[in-house]
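Here is the structure we will look at, set down as structure tokens.
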Amino acid sequence: MRSLFWRILASFWLAIALVAGLSILLGHMLNQDAWILSRHPGLANLAQNWTELYENQGEDAAQDYLQQSKRRYHIDVQVLNESGEPLVRGTFPPRAAAFEARQHNDPRQLPWRRLTTEYTSPKTAETYLLIYRIPHPELDAWHRESLLWPLSALGIALVVLTLFSLLVTLSITRPLSRLRSAVDDLGQTTYQQNSLAQLANRRDEFGVLATDFNRMGARLQSLISSQRQLLRDVSHELRSPLARLRIALALAERAEPAEREKLWPRLARECDRLEALIGEILVLARLDADFGTAEPVDLDAMLHHLQSDTRLNAPEQEVRVWVQDGVELQGWPDMLERALDNLLRNALRFNPAGQAIDLKAQCEGGRLLISVRDHGPGVASEHLSQLGEPFFRAPGQTAPGHGLGLAIAKRAAERHGGYLTLTNHPQGGFVATLDLPLEPVIPGA
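At position 153 of the sequence shown (counting the first as 1) the number is 1112 in the working numbering, and the numbers step up by one without a gap.
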């Protein structure tokens, strides 16, 4: 992955190196004496070489070395001992020394630059004072040559830093512009998956962000579509009981007292149906709300509690419960119990008398499978994929209901990071299975 982290880090390091180079260069320029003494080819090693000649070969050899240096670099040199007395004649003429003495109060009028340095011999520990006088034309020419390379390097560094910064800036701002445009499209519900396809192919953080954004956009569009479809389905489902209520009320207004008494049970039934439908719709909507932190689920107690409720509501039906030993689940107990209650109620509608409903919980491959099997007629294979959609009921189904029980169970499974599988059993009947991770992984969280 070509991480933006390394690009930005490299930019900062390059900027730091450039600032450090500028600081060093500026420091040398402000301390020009030290810069000249350390960089000028005629002065860099002159003190050391002269001391070695003076101590090993005598005054004449040392004086000849100063004369050769003057002919080559046009620099006059004087060498004094610790008492201030000259050790050799040097190359600075007496008339020039007298002229320099007269200009003592205004050294800027001198045609040369005067530099001094001390050198201690490592052999004799004697300290020598060397006085250099460099003509201004010679010094100006050397300055132009000595600063050419640093200034060239500085110019190249500025160009490289500018280009690199431009590339890094563009690599950040262009994807951000695309993401901003995608956010605007998402807000206007006109978001298209292919709008970030090129950005999603990148191998850096923006590519990962674009992929996650595409996934989020697809989920939001799916939720928006499902909500719109749910509103259409709700309006359609509510219209029928409301119409029947309106008709019953109209008949009651015109009926005689004796006939009116016969209509009240019908009105009560329609109100009960409407209340049950609204309750299921509210349950389905609440599944998208925040249920807080997941907690341990006691499956054995939950399934046996559902078994007890079934005995009270449908004593003629038998429910067999089997829970694998050692099964542990983290989740939301109320949500899970509501989902299983809907699956169990759905099984009770179609299970024939004399056949037991099987309620099982077992682990397979690190996942928890909670299944509810009845021995009813099952569902045609072409309709299995549509089961779980709100208000969908298989053609030919006569059992009471609104088509929300499986939708509630499916939404609860997805809320736990799992899914609901619906199949026909090979030996007859219908099987609804909640396939859940042992640790809930919430989609989109």
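Cβ atoms here follow ideal geometry from the backbone N, Cα and C, with glycine treated the same way.
DSSP three-state assignment for residue i, whether helix, strand or coil
i: Gly1290; result: strand
i: Pro1336; result: coil
i: Ser1111; result: helix
i: Arg1161; result: coil
i: Arg1178; result: helix
i: Pro1081; result: coil
i: Gly1403; result: Because the pLDDT of Gly1403 is 45, which lies under 50, any placement of that residue in the model is unreliable, and the number read from its coordinates should be weighed accordingly. Coil.
i: Leu1327; result: strand
i: Glu1229; result: helix
i: Met960; result: Low local confidence applies: a pLDDT of 42 at Met960 is under 50, so the model's placement there is unreliable, with the coordinate-based value given in what follows. If DSSP states are grouped into helix, strand and coil, Met960 belongs with coil.
i: Leu1343; result: helix
i: Glu1277; result: strand
i: Asp1394; result: strand
i: Thr1086; result: strand
i: Pro1443; result: Residue 1443 is absent from the structure shown; the chain starts at 960 and stops at 1404.
i: Pro1224; result: helix
i: Ser1042; result: coil
i: Asn1272; result: helix
i: Leu1155; result: helix
i: Pro1311; result: coil
i: Glu1215; result: coil
i: Asn1173; result: helix
i: Glu1097; result: helix
i: Gly980; result: helix
i: Leu1002; result: coil
i: Glu1348; result: coil
Residues that residue i bridges to, as DSSP identifies them
i: Asn1383; result: Phe1389
i: Asp1035; result: Arg1092
i: Leu1074; result: Tyr1091
i: Tyr1378; result: Asp1394
i: Val1282; result: Ala1320
Extent of the continuous alpha helix (DSSP H) run through residue i
i: Arg1031; result: 1018-1032
i: Arg1048; result: Unbroken run through Arg1048: none, as it is neither H nor E.
i: Glu1059; result: 1053-1061
i: Gln991; result: 991-998
i: Gln1068; result: Note, Gln1068: premise wrong, no alpha helix (DSSP H); not H, not E.
Whole-Å CB distance - residue i paired with residue j, under 8 Å assumed
i: Leu1318; j: Val1338; result: Between Val1338 and Leu1318 the Cβ distance is about 19 Å, and since that is not below 8 Å, they are no contact.
i: Leu1381; j: Leu1346; result: 5 Å
i: Ala1306; j: Leu1262; result: Ala1306 to Leu1262, Cβ: 13 Å. No contact.
i: Gly1285; j: Ala1253; result: 19 Å between Cβ atoms; not a contact.
i: Leu1179; j: Ala1169; result: Not confirmed; about 15 Å, so no contact.
i: Gly1364; j: Asn1301; result: 4 Å
i: Leu1258; j: Leu1288; result: 6 Å
i: Ala1207; j: Glu1234; result: So it is not a contact: roughly 15 Å between Cβ atoms.
Delimiting residues of the beta strand (DSSP E) encompassing residue i
i: Gln1321; result: 1315-1323
i: Arg1374; result: No beta strand (DSSP E) contains Arg1374, which is instead part of the alpha helix (DSSP H) from 1364-1374.
Any chain C beta carbon closer than 8 Å to residue i
i: His1384; result: Any reference to chain C falls outside this structure, which holds one protein chain only.
Beta-carbon spacing of residue i, residue j below 8 Å
i: Val1282; j: Thr1269; result: no
i: Ser1036; j: Leu1046; result: It should be pointed out that residue 1036 corresponds to Val in this sequence rather than to Ser. Cβ atoms of Val1036 and Leu1046: not closer than 8 Å.
i: Asp992; j: Leu1098; result: no
i: Arg1326; j: Pro1396; result: yes
i: Arg1308; j: Ile1367; result: no
i: Val1038; j: Tyr1087; result: yes
i: Leu1343; j: Ala1372; result: no
i: Gln1266; j: Asn1310; result: no
i: Ala1227; j: Arg1219; result: no
i: Leu973; j: Phe1172; result: no
i: Glu1014; j: Ser1080; result: yes
i: Ser1028; j: Ile1034; result: yes
i: Ala1214; j: Leu1222; result: yes
i: Leu1005; j: Ile995; result: no
i: His1102; j: Trp1071; result: no
i: Gly1388; j: Asp1333; result: yes
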